[in-house]
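Working notes, beginning with the structure itself.
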Amino acid sequence: MGLRHGIDEVHGVPDSPREARHAVGALMREPAGPYSSEAHTDAAMAVGELVAHALQHTPGISRFAAFAHDGLLDLTIDYRDGPPADFQHGGAATLRWTVVSALAASVTFTRPHGRGHRVRVLLHLR
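Take 15 as the starting number for the sequence shown in the working numbering and just add one per residue.
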């Protein structure tokens, strides 16, 4: 499927964690940036872990969106219907959850419209 790039956003369905990391990296080089290498690394790590989790432990991703604004990276990933896209399941998933929660300013899990699962992560970039 792939990701589409806008001026300050990336959206679509990534084919791999690497594609998502590269897309967010490019986003952080847009006019709102450039951001520090530490912010770049944190964002890439969080995005990679979230997408890897989705591809390994859920039926897949139905929507991925990343926006850079006001010193924040706002990530939203919608998982297809299936088992909870909760990071508490399994050892690798728990490690991923630890990484993402340590980097994030906030993490929210919801069930939009009673179908699938959504995780929203805010990362400080400055």
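Beta carbons: idealized from backbone N, C-alpha and C, even for Gly.
query: Which class does Gly26 belong to by DSSP, given the choice of helix, strand or coil?
result: Start at 1 with the first residue of the sequence shown, and residue 26 comes out as number 12. Correct three-state label for Gly26: strand.
task: To the nearest angstrom, report how far apart Arg35 and Asp84 are at their CA atoms.
output: Residue numbering aside, residue 35 sits at position 21 when the sequence shown is read from its first letter. Residue numbering aside, residue 84 sits at position 70 when the sequence shown is read from its first letter. In this model, Arg35 and Asp84 are separated by some 20 Å (Cα to Cα).
- prompt: Should Thr72 be labelled buried (16 or more other beta-carbon atoms within 10 Å of its own) or exposed?
  reply: Taking the first residue of the sequence shown as position 1, residue 72 is located at position 58. By the 16-neighbour rule on beta-carbons within 10 angstroms, Thr72 is buried.
query: Going straight from the alpha carbon of Ile75 to that of Asp56, what length do you get?
result: As a position in the sequence shown, residue 75 is number 61, starting the count at 1. As a position in the sequence shown, residue 56 is number 42, starting the count at 1. For Ile75 and Asp56, the distance between alpha carbons rounds to 21 Å.
query: Is it buried or exposed for Phe78, if we count other Cβ within 10 angstroms and need 16 for buried?
result: Sequence index remark: in the sequence shown, residue 78 carries index 64 (1-based). Buried, because 16 or more other Cβ atoms sit within 10 Å of the Cβ of Phe78.
- request: Give the secondary structure of Gly105 by DSSP, where H, G and I count as helix, E and B as strand, and everything else as coil.
  value: Taking the sequence shown and counting its residues from 1, one reaches residue 105 at position 91. Confidence at Gly105 is low in this model, with a pLDDT of 49, below 50, so its placement is unreliable and the value that follows should be read with caution. Secondary structure at Gly105: helix, using DSSP grouped into helix, strand and coil.
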